[in-house]
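Numbering (this note's numbering), first residue to last: 3 to 437.
Backbone N, C-alpha and C define an ideal beta-carbon position, used for all residues, glycine too.
Keep in mind it's a predicted model, so treat the numbers as computed, not measured.
Below is one structure, written out as structure tokens; the observations come after it.
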Amino acid sequence: MTQSSPLTQRRILIFWLPLAATWLMMSVEGPFLTAVIARLASPAYNLAAFGVAFSFALLAESPVIMMMSAATALVVDRPSYLRLRTFTHALIATVTLSLGFLLLPQVFNFVGRRLIGLPEDVAGRTWLALLILLPWPGTIGYRRFYQGVLIRHGQTRRVAYGTIVRLFTMSAVALLLVRMTEIQGAVIGAAALSAGVTAEALASRVMANQAVRSLMAGAGEDTTSTLKYGEIVRFYVPLALTAVLALGVHPLVTFFVGHGRLALESLAVIPVVNSLIFIFRSIGLAYQEVGIALMGDHGEGYYPLRRFALTLGFAVVTGLGLIAWTPLGRIWFEAVSGLSPQLAAFALTPARILVLVPGLAVLLSFQRAVLVHAKRTITVTAATMIEVAGIILVLSLGIFFFDAVGVVAAAIALLVGRIGANLYLGPILRRPLHL
């Protein structure tokens, strides 16, 4: 997207707000569903099962998660739209089949029961929840492609409207299942998530009609795009690998936590703590597409975008700190999330350790945006590899050498890994790339 006028903080704010609202609304899903599950029968087992199933679903989704960034960066005319759409469809089929393979009883028994060591009461619930989440990766990829098209055309409000549809559908399905059935909490959570994402994907496609018609009519940007499938692969594979590594950490964390001290309690509070952190981290996730779209053909938006990122990072760390480090933390985990006083106290320590993560997420989104805009996606992957290596190293030491409580070791590992990625990309915060 070319810059027709100077990029001001106000203009960035107006462009970013609908996307931030989108991620913020999505972040409500976790606390809402875990609060529902916590108030049903066998909350510890169902919370643990839902958290494990969701981790696997995120891993299956990871190859398509960057499709929004890809569409924002690459879809400039009819040929690029058609080629990236075909690429997206092929990717959707691949990830759906991959998740289906994991659901085969022999495969799931090996991974869930033998490798991770899930208790039997958790393993059965996890398999059923994961089965219901089978449509998740495909619908995520489909809607993120069209959301990227919307962002490229400056229609960020429509992205937020789609999320409203998602939240309404998700909450309606969850409440109806609670009132009208006796099924397990983990299954209710999975069904609500699948229904909500499917509704959002359909809404995003409908709202992108105008942009798609413009592209198909040849009214794209002033460009001579000759985007080929080989270029798409070279551009997207590092991004997909980045997402696979980043989201693949969740099952790895589950594996380590399952072998740590107080494993059941740790598995039960992980989705609740993650939900709280995600509320503030989600604001930073929205910033990556903002940076890609507003950077300008020659990087002229770099300094205004950096200034906005630093301000935003400070704000989200302060907001999370006011909850995690004050009596509001107990209120959140007990009254809002529905945890018992014992589990609420257990959740406070990892939440406090992770206070810096939302701010680091904002910085990482800006750093990635600079690299994606410059089409240097392999550097994004390198940073993620450093982050994952740090997480695995710290978890290994904490669980197997220091006998740490599982969720505490996980929180420390996630913080250390993220700091490593930010430091590796540190030069990007000092000066723009030569585009």
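Excluding five sequence positions before and after residue 430, the CB atoms of its chain that fall closer than 6 Å to its own CB belong to 369, 372, given in chain order.
With a 10 Å radius around the Cβ and a threshold of 16 neighbouring Cβ atoms, residue 63 comes out buried. Shown here for residue 397: same chain residues with a beta carbon closer than 8 Å to its own, the five before and five after excluded, namely 254, 255, 258, 411, 412, 415 in chain order. Contact between the segment 346 to 357 and the segment 310 to 328 is present: 3 or more CB-CB pairs across the two stretches fall below 8 Å. In this structure residue 186 is buried. Its beta-carbon is surrounded by 16 or more other beta-carbon atoms within 10 angstroms.
In the same chain as residue 100, and ignoring 5 residues on each side of it, the C-beta atoms closer than 7 Å to its own belong to 62, in chain order. Residue 114 sits close to residue 120, with the two beta carbons spaced by under 8 Å. Annotation: residue 184 is outside any alpha helix (DSSP H) and is labelled neither H nor E by DSSP. The residues 25, 363, 367, in chain order, have a CB closer than 7 Å to that of residue 287 in the same chain once the five nearest residues on each side in sequence are set aside.
Contact annotation: residue 147 and residue 73 have beta-carbon atoms nearer than 8 Å. In this structure residue 192 is in contact with residue 55, their Cβ atoms being roughly 6 Å apart against a cut-off of 8 Å.
Sixteen is the threshold: since fewer than 16 other Cβ atoms of the shown chains lie within 10 Å of the Cβ of residue 11, the residue is exposed.
For residue 93, the enclosing alpha helix (DSSP H) covers residues 80 to 104. The C-beta of residue 300 has fewer than 16 other C-beta atoms within 10 Å across all chains shown, which makes the residue exposed. Excluding residues up to 5 positions away in sequence, 263 lie with their Cβ nearer than 7 Å to the Cβ of residue 405 in the same chain. Secondary structure in the segment 349 to 432: the alpha helix (DSSP H) runs of 4 residues or longer, each lying completely within the stretch, are 359 to 375, 379 to 398, 408 to 426 in chain order. If you check the CB distance, residue 88 and residue 140 do not come in under 8 Å.
The DSSP assignment places no complete beta strand (DSSP E) segment of no fewer than 3 residues inside the segment 145 to 208. Per DSSP, residue 297 is not a residue of any alpha helix (DSSP H), being assigned neither H nor E. Between residue 151 and residue 213, the gap from beta carbon to beta carbon is short of 8 Å. Judged by beta-carbon spacing, residue 392 lies beyond the 8 Å limit of residue 401, meaning their Cβ atoms are not closer than that value.
Distance from residue 319 to residue 357 at the Cβ level is roughly 6 Å; contact confirmed, criterion being Cβ atoms closer than 8 Å.
Sorting 111, 107, 306 by C-alpha distance to the C-alpha of residue 7 places 306 at the top.
Of the residues 386, 316, 57, the one whose Cα lies closest to the Cα of residue 360 is 316.
By the neighbour-count criterion, in which 16 or more other beta carbons inside 10 Å mark a residue as buried, residue 183 falls on the exposed side. Here the alpha carbons of residue 303 and residue 13 stand approximately 11 Å from one another. Annotation: residue 240 to residue 333 spans about 42 Å, alpha carbon to alpha carbon.
A distance of 8 Å or more separates the beta carbons of residue 50 and residue 340. In the DSSP annotation of this structure, residue 44 is not part of any alpha helix (DSSP H), being labelled neither H nor E.
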